[in-house]
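Remarks on the structure that follows.
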Amino acid sequence: MLKNEILKILESDARTTPEAISRMTGGSLDEITRIIKGAEADRTIVRYKTVVNWEKVSNERVEAIIEVKVTPQRDTGFDAIARRVYNFPEARTVYLMSGTYDLAVLVTGKTMHQVADFVSQKLSQIDGVQGTTTHFMLKRYKEDGEVLAGTEQINRQQVVL
Amino acid sequence: MPVETSLNRSMTSKAVKAIKPSGIRKFFDLLAGMDGAISLGVGEPDYITPWHIREAAIYALEHGRTMYTSNAGTPELRQEIARYLSRVHGLEYNPLGEIVVTVGVSEALDLAARAILDPGDEVIIPDPSYVSYPSCITLAGGIPVPVPTWEAESFELNPKDVAKAITPRTRAILLGYPANPTGAVMPYDKLAELAIVAERHNLIVLSDEIYNRLTYGVTVPSFASLPGMKERTVVLNGVSKAYSMTGWRIGYAAGPKEIIAGMTKIHQYTMLCASSMGQAAAIEALKNGEPDIQAMVEDYNHRRQVMVSGFNSLGLSCFDPRGAFYAFPSIKSTGLSSDEFAERLLKDEKVAVVPGTAFGQQGEGYLRCCYATSLPQIEESLERIKRFLSRL
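Chains X and U, in that order, are what the protein sequence lines are.
Per the UniProt record's numbering, the first sequence starts with residue 1, numbered consecutively.
Per the UniProt record's numbering, the second sequence starts with residue 1, numbered consecutively.
The following block contains the structure:
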């Protein structure tokens with residue numbers, strides 16, 4: 001229960017200190033620290049991440065979602081090919097999907113050319129990969145639950161209440 | 001003896017002159033234009049209305065629902081309010097005649113006061129309590145009778161004190177629990193004692209339950225759900241606080257047919273009806289907004305704990321508020337008056353709080369601090385207050 005509460009707080013703001021969490025939940029500082037360390041050790045907390053709106057700082061970033069159709073391998077199914085894909089540093093996210101294609105690969109590069117090179121020279125060369133379809137992202141509206149484009153502003157005016 | 005004529009008399013009524021400007025307003029005027037200031041003064045959720053509720057209003061607009069509604073509110077909304085009161089409080093009201101939709105709970109309170117009071121009738125109110133209560137009663141021709149509540153008694157209204165304050169002119173008790181500004185709630189046994197007093201003296205109870213769903217670790221019954229009280233209680237509520245819909249101005253009153261009819265009569269000659277799109281949004285809120293309440297309450301609870309423990313660790317003892325979104329720390333140990341403290345804090349450290357005296361004499365020695373603001377702002381304001389205290 002307390003662990004879930006701590007995880008929810010950290011998921012919404014990873015910078016919340018154990019001291020603040022202790023004040024927020026009423027749990028002791030020792031207990032909070034122990035739970036966080038335990039969650040880090042068993043990879044319940046995988047990483048502390050910042051959602052950056054890169055469009056605010058530069059245009060030198062290209063992202064693409066690549067649909068990959070593969071032939072499953074004997075014994076290992078999709079896992080062996082997925083492993084080969086996710087071991088490329090260019091692949092930031094890899095999901096096994098249901099539907100018309102098998103793997104969804106999120107790739108980030110500096111230029112479209114760089115992404116295209118990765119697809120043609122690395123991804124499509126893997127044994128078992130039947131075909132790829134590359135979708136370049138044009139604009140990020142929302143990521144990890146955060147609205148990036150045109151966020152709403154709270155505009156409080158003077159009122160008596 | 002000089003005769004007062006329309007030419008030489010003052011331009012405003014005696015009733016308007018009798019009411020004081022709000023003590024909250026003064027601090028907002030000071031705050032206006034101040035860079036880098038943190039306000040703990042606004043009694044308003046800092047969430048934007050959940051999207052599915054906004055979408056219901058957009059849908060209503062898209063379908064051209066822009067006309068007046070029935071004076072008492074759309075039948076659909078009144079039905080939904082009846083369902084809500086049944087589901088949450090076990091209260092059964094007939095949407096036709098026992099419920100009226102108003103422009104916020106403020107209008108509901110005004111209507112109720114005007115519907116039940118004759119000039120000179122007295123209304124008992126807890127002290128401290130919401131700034132509008134005394135003025136609302138005065139404007140309706142009544143006389144507010146504050147009954148002190150004490151921190152040592154968890155700011156609960158003591159039924160014995162209420163009984164002592166009753167005179168032949170007493171017409172009603174106005175309750176506002178969970179309370180603004182203290183965050184106090186009333187335990188069931190005390191409400192039951194109060195119900196006995198109301199019955200014995202044949203009093204009407206106006207129960208402002210706008211904060212009823214914002215509670216922490218306790219559930220608060222509606223006063224009307226107490227045995228024998230539905231017949232004499234006007235439940236005043238709305239969607240503003242629980243669903244973060246302050247700007248929509250949708251409130252309601254549920255109560256005895258005769259009083260609701262009286263309120264509806266005044267409402268039809270003044271407001272006519274509440275906004276049609278607002279009513280559409282309120283239906284969606286009452287139908288599907290329960291998860292939103294849960295999420296907000298969880299978040300407010302975190303902030304509440306940070307603020308209350310923060311004040312206590314600064315040596316400003318703070319009553320444990322179990323409802324609404326206000327902390328009410330004592331500043332008696334500083335030797336400053338509430339006004340003085342709030343004014344100096346705003347000027348020196350740019351933190352706006354409301355002096356307890358804005359809510360009645362019993363508020364002297366306290367501040368109202370709203371924790372419906374972001375956690376970093378709460379932590380920063382506590383740091384600034386710490387700095388301020390170190391210089392006293």
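Every residue, glycine too, gets a C-beta built ideally from N, C-alpha and C.
What does DSSP give as the partner residue(s) for residue i in the beta ladder?
| i | result |
| --- | --- |
| PRO355 (chain U) | U:LEU367 |
| GLY77 (chain X) | X:GLN73 |
| ILE124 (chain U) | U:VAL145, U:ILE173 |
| GLY335 (chain U) | DSSP, once it has assigned bridges, lists no residue as partnering GLY335 (chain U). |
| CYS318 (chain U) | U:PRO329 |
| ASN237 (chain U) | U:TYR252 |
| SER207 (chain U) | U:LEU175, U:VAL235 |
| THR102 (chain U) | U:GLY251 |
| THR74 (chain U) | THR74 (chain U) pairs with nothing; no bridge assigned. |
| SER120 (chain X) | Beta-bridge pairing links SER120 (chain X) to no other residue. |
| VAL62 (chain X) | X:GLY109 |
| SER39 (chain U) | U:ALA352 |
| GLU104 (chain X) | In the sequence as presented, Glu is not what sits at residue 104 (chain X); that position holds Ala. BP columns for ALA104 (chain X) point to X:GLU67, X:TYR95. |
| GLU146 (chain X) | X:GLU143 |
Answer with buried or exposed for residue i, where buried requires no fewer than 16 other C-beta atoms within 10 angstroms of its C-beta.
| i | result |
| --- | --- |
| TYR300 (chain U) | buried |
| LYS230 (chain U) | buried |
| VAL52 (chain X) | exposed |
| ALA149 (chain X) | exposed |
| GLY251 (chain U) | buried |
| TRP248 (chain U) | buried |
| THR357 (chain U) | buried |
| GLY310 (chain U) | buried |
| THR151 (chain X) | exposed |
| PHE359 (chain U) | buried |
| HIS113 (chain X) | exposed |
| THR74 (chain U) | buried |
| HIS302 (chain U) | buried |
| TYR177 (chain U) | buried |
| ARG23 (chain X) | buried |
| GLN153 (chain X) | exposed |
| ASP208 (chain U) | buried |
Among the candidates the options, whose CA atom is the shortest distance from the CA of residue i?
| i | options | result |
| --- | --- | --- |
| GLN362 (chain U) | U:ARG65, U:ALA324, U:GLU156 | U:GLU156 |
| ALA198 (chain U) | U:GLU107, U:ALA163, U:SER225, U:ARG384 | U:ALA163 |
| ARG65 (chain U) | U:GLU380, U:LEU316, U:SER275 | U:SER275 |
| LEU61 (chain U) | U:ALA281, U:ASP127, U:ILE266 | U:ALA281 |
| GLN130 (chain X) | X:ARG140, X:ALA39, X:TYR101 | X:TYR101 |
| VAL68 (chain X) | X:THR93, X:LYS56, X:ARG47, X:TYR48 | X:THR93 |
| ASN288 (chain U) | U:ALA15, U:ILE99, U:ILE48, U:HIS52 | U:HIS52 |
| GLY142 (chain U) | U:ILE173, U:THR149, U:GLU380, U:SER129 | U:ILE173 |
| GLY124 (chain U) | U:ALA56, U:ALA261, U:PRO168 | A small fix is needed here, since residue 124 (chain U) is Ile in this sequence, not Gly. Closest option to ILE124 (chain U), Cα to Cα, is U:PRO168. |
| LEU106 (chain X) | X:GLY99, X:LEU123, X:THR71 | X:LEU123 |
| ILE293 (chain U) | U:VAL88, U:CYS369, U:GLU153, U:THR334 | U:VAL88 |
| LEU214 (chain U) | U:ASP110, U:TYR371, U:LEU139, U:ARG83 | U:TYR371 |
| ASP29 (chain U) | U:GLU379, U:GLU343, U:ARG368, U:GLU349 | U:GLU343 |
| GLU151 (chain U) | U:SER337, U:LEU392, U:PHE319 | U:PHE319 |
| ASP127 (chain X) | X:LEU138, X:GLU63, X:VAL70, X:HIS135 | X:VAL70 |
| LEU96 (chain X) | X:PRO89, X:ALA80, X:GLY27, X:TRP54 | X:ALA80 |
| ASP189 (chain U) | U:PRO227, U:GLY217, U:TYR216, U:HIS63 | U:PRO227 |
| LYS257 (chain U) | U:LYS14, U:ARG368, U:PRO95, U:SER13 | U:PRO95 |
| ASP348 (chain U) | U:GLU340, U:GLY120, U:PHE388, U:GLU380 | U:PHE388 |
Tell whether a beta-carbon distance below 8 Å holds between residue i and residue j.
| i | j | result |
| --- | --- | --- |
| ALA327 (chain U) | GLY183 (chain U) | yes |
| THR233 (chain U) | SER240 (chain U) | no |
| LEU10 (chain X) | THR17 (chain X) | no |
| GLY43 (chain U) | ASN180 (chain U) | yes |
| PRO21 (chain U) | MET296 (chain U) | no |
| SER106 (chain U) | SER135 (chain U) | no |
| ILE19 (chain U) | ALA115 (chain U) | no |
| LEU175 (chain U) | VAL205 (chain U) | yes |
| ILE210 (chain U) | ILE99 (chain U) | no |
| GLY41 (chain U) | PHE27 (chain U) | yes |
| GLY323 (chain U) | VAL235 (chain U) | no |
| LYS350 (chain U) | ILE24 (chain U) | no |
| VAL147 (chain U) | ASP127 (chain U) | yes |
| ARG263 (chain U) | LEU139 (chain U) | The sequence as given places Met at residue 263 (chain U); Arg does not occur at that position. Their beta carbons are not under 8 Å apart, which means MET263 (chain U) does not touch LEU139 (chain U) by this criterion. |
| ILE378 (chain U) | VAL306 (chain U) | yes |
| GLU122 (chain U) | ARG54 (chain U) | no |
| SER244 (chain U) | LEU91 (chain U) | no |
| SER104 (chain X) | ILE65 (chain X) | Rather than Ser, the amino acid found at residue 104 (chain X) in this sequence is Ala. Yes; because the gap between Cβ atoms is below 8 Å, this pair is in contact. |
| GLN279 (chain U) | LEU109 (chain U) | no |
What distance in whole Å lies between the Cβ atoms of residue j and residue i, which are believed to be in contact at a cut-off of 8 Å?
| i | j | result |
| --- | --- | --- |
| ILE32 (chain X) | ILE21 (chain X) | 5 Å |
| PHE118 (chain X) | GLU90 (chain X) | 5 Å |
| SER317 (chain U) | SER337 (chain U) | No, SER317 (chain U) and SER337 (chain U) are not in contact; Cβ-Cβ is about 17 Å, not under 8 Å. |
| THR25 (chain X) | GLU5 (chain X) | 5 Å |
Using a Cβ cut-off of 8 Å, pull out every chain C residue sitting near residue i, in sequence order please.
| i | result |
| --- | --- |
| GLY43 (chain U) | In the displayed structure, chain C is absent; the protein chains listed are X and U. |
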